[in-house]
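Enquirer:
Residue numbers (this note's numbering): 12 to 90.
Structure representation (structure tokens):
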């Protein structure tokens, strides 16, 4: 199940769509990856709307938003 083009709205939307297409071509695109990227996209839209690239401090901040999720969920979100 793939996301329609334009499903992402954040500053890295095109990159996320291209990454999912790449993973889909490799047959390694799983639903948890799509969910994680949608969550990260929403975070970036609200927190870092002008980011050009992902860096560790920003990813750590995003992962901190997952603190209330189950450990397996957090692991699946750790891209």
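In this text, a Cβ means the ideal position worked out from N, Cα and C, and glycines have one as well. Please read these numbers as outputs of a predicted model, since none were measured by experiment.
Ends of the alpha helix (DSSP H) at residue 19?
Expert: Position 8 of the chain shown holds residue 19. Careful: residue 19 lies outside any alpha helix (DSSP H) and carries neither H nor E.
Enquirer: Since residue 46 is in the alpha helix (DSSP H), which residue starts that stretch and which ends it?
Expert: For this step, residue 46 is matched to residue 35 along the chain shown. Its alpha helix (DSSP H) spans residues 42-58.
Enquirer: Taking 8 Å as the limit between beta carbons, can you name the residues of its chain near residue 22, skipping five residues before and five after?
Expert: The sequence position of residue 22 within the chain shown is 11, counting from 1. Once the five neighbours on either side are set aside, the close Cβ partners of residue 22 are 55, 56, 59, 60, 61, 62, 63.
Enquirer: With distance defined between alpha-carbon atoms, name the residue in 18, 44, 32 nearest to residue 86.
Expert: For this step, residue 86 is matched to residue 75 along the chain shown. Closest by alpha carbon: 44.
Enquirer: Name the two residues that bound the continuous alpha helix (DSSP H) containing residue 72.
Expert: The residue labelled residue 72 in the question sits at position 61 within the chain shown. For residue 72, the enclosing alpha helix (DSSP H) has its first and last residue at 67-75.
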